[in-house]
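J.: Shown below is the structure under consideration.
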Amino acid sequence: MASLPVHFSRNNLSPPSLSGRIRRSAFPEPRSFATVHCSAGDNRDNGQGLKKSLLPIKEFGCIACAVISACTLTLASPVIAANQRLPPLSTDPNRCEQAFVGNTIGQANGVYDKPLDLRFCDYTNDQSNLKGKTLSAALMSGAKFDGADMTEVVMSKAYAVGASFKGVNFSNAVIDRVNFGKSDLKGAVFKNTVLSGSTFDEANLEDVVFEDTIIGYIDLQKICRNTTINEEGRLVLGCR
Numbered sequence: 000m001a002s003l004p005v006h007f008s009r010n011n012l013s014p015p016s017l018s019g020r021i022r023r024s025a026f027p028e029p030r031s032f033a034t035v036h037c038s039a040g041d042n043r044d045n046g047q048g049l050k051k052s053l054l055p056i057k058e059f060g061c062i063a064c065a066v067i068s069a070c071t072l073t074l075a076s077p078v079i080a081a082n083q084r085l086p087p088l089s090t091d092p093n094r095c096e097q098a099f100v101g102n103t104i105g106q107a108n109g110v111y112d113k114p115l116d117l118r119f120c121d122y123t124n125d126q127s128n129l130k131g132k133t134l135s136a137a138l139m140s141g142a143k144f145d146g147a148d149m150t151e152v153v154m155s156k157a158y159a160v161g162a163s164f165k166g167v168n169f170s171n172a173v174i175d176r177v178n179f180g181k182s183d184l185k186g187a188v189f190k191n192t193v194l195s196g197s198t199f200d201e202a203n204l205e206d207v208v209f210e211d212t213i214i215g216y217i218d219l220q221k222i223c224r225n226t227t228i229n230e231e232g233r234l235v236l237g238c239r
């Protein structure tokens, strides 16, 4: 029986061809650990012919172990899936105001008993209450943040599918592993912003500013597939 420790890391490498205005993420991203146990048949028979016949089986065991390890790497992901069942909408009449307070350290790490539920809340043009807040693991689907000042916010593991962030200023923010699927980010500003592990599937990134954005190479490849990014944005990002 062999035990293979498999370490997961979201560290990304930035190739030398990237634009100088895009910086590789210096933040050590959380790692997950798992152990894959593999075994290959071991026969102690003194017959050389039988031992030779077992060699392909042992080799197959090693191949199977490698396949299992690769599958484990693929399946392990801290990002909230777009099709994940979300909890019922909070009945707290003051739930939208909770964004002005932010959440706890436990919530910031994605561990909580009661989620920060901001779904369908309207923060349009808010210029003071959201700045610098910790909104990690927040549920933001259907919420409106158009024109809001969200500089220096921390949004680790937030779920913002279908939310509207048109013209939002995300300068100096930490946008780590946020799901922006199908959200509207037209004209948003990600100046000097950490965008590690965040996804933008089917999101509107028209006229988004990516000046000095801190983003890893793998994340950059994914975001460059978004066809709504204009030529200037693609040039700044270094998309090919």
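Every letter in the sequence shown is one number past the one before it in numbering that gives the first Met the number 0, and letter 240, counting from 1, is 239. Quick reminder that beta carbons are idealized off the backbone N, C-alpha and C, glycines included.
Using the beta-carbon count (16 or more within 10 Å), is Gly-226 buried or exposed?
T.: Here residue 226 refers to the residue found at position 227 when the sequence shown is read from its first residue. A quick correction: the sequence has Thr, not Gly, at residue 226. It counts as exposed.
J.: Determine the burial state of Pro-114: buried for a count of at least 16 other Cβ atoms within 10 Å of its Cβ, exposed for fewer.
T.: For the purposes of this step, residue 114 is taken as residue 115 along the sequence shown, with counting starting at 1. Buried.
J.: Under three-state DSSP, which class holds Leu-115?
T.: Numbered from 1 along the sequence shown, position 116 holds the residue referred to as residue 115. Coil.
J.: So Gly-180 and Ala-157 are in contact, right, with Cβ under 8 Å, and what is the actual spacing, rounded?
T.: Against the sequence shown, residue 180 aligns to sequence position 181. Against the sequence shown, residue 157 aligns to sequence position 158. Incorrect: roughly 12 Å between the Cβ atoms, too far for contact.
J.: Work out the CA separation of Phe-144 and Ala-69 for me, nearest whole Å.
T.: What you label residue 69 is simply residue 70 of the sequence shown in a count that begins at 1. What you label residue 144 is simply residue 145 of the sequence shown in a count that begins at 1. Bear in mind that a pLDDT of 40 at Ala-69, under 50, signals an unreliable position, so the number given afterwards is only what the model happens to contain. Approximately 39 Å, taken between the alpha carbons.
J.: Following the continuous alpha helix (DSSP H) through Val-235, name the residue where it begins and the one where it ends.
T.: One-based indexing of the sequence shown puts residue 235 at position 236. Its alpha helix (DSSP H) spans residues 230 to 236.
J.: For Leu-134 and Val-152, which I take to be in contact (beta-carbon distance under 8 Å), what is that distance rounded to the nearest angstrom?
T.: For the purposes of this step, residue 134 is taken as residue 135 along the sequence shown, with counting starting at 1. For the purposes of this step, residue 152 is taken as residue 153 along the sequence shown, with counting starting at 1. Indeed they touch by this definition, with Cβ atoms about 6 Å apart.
J.: Please say whether Val-173 and Val-193 have beta carbons closer to each other than 7 Å?
T.: Here residue 193 is taken as the residue at index 194 of the sequence shown, counted from 1. Here residue 173 is taken as the residue at index 174 of the sequence shown, counted from 1. The answer is yes: Cβ separation under 7 Å.
J.: Could you name the residues of the same chain whose beta carbon sits closer than 7 Å to that of Gly-101, not counting the 5 residues immediately before and after it, in chain order?
T.: Position 102 of the sequence shown, counted from the first residue, corresponds to residue 101. Closer than 7 Å at the Cβ level, and outside the excluded window around Gly-101, lie Lys-132, Thr-133 and Leu-134.
J.: Using CA atoms only, rank isn't needed, just tell me which of Cys-238, Asp-116 and Glu-231 is closest to Gln-220.
T.: Within the sequence shown, numbered from 1, the residue matching residue 220 stands at position 221. Checking every option, the nearest Cα to that of Gln-220 belongs to Cys-238.
J.: Over the uninterrupted alpha helix (DSSP H) stretch that includes Leu-219, give me the two end residues.
T.: For this step, residue 219 is matched to residue 220 along the sequence shown. That run of the alpha helix (DSSP H) goes 216 to 222.
J.: To the nearest angstrom, how far is it from the Cα of Thr-123 to the Cα of Lys-165?
T.: Against the sequence shown, residue 123 aligns to sequence position 124. Against the sequence shown, residue 165 aligns to sequence position 166. Approximately 9 Å, taken between the alpha carbons.
J.: For Gly-188 versus Asn-171, is the C-beta distance shorter than 7 Å?
T.: By one-based count along the sequence shown, residue 188 stands at place 189. By one-based count along the sequence shown, residue 171 stands at place 172. The residue you asked about is not Gly; residue 188 is Val in the sequence shown. Cβ atoms of Val-188 and Asn-171: not closer than 7 Å.
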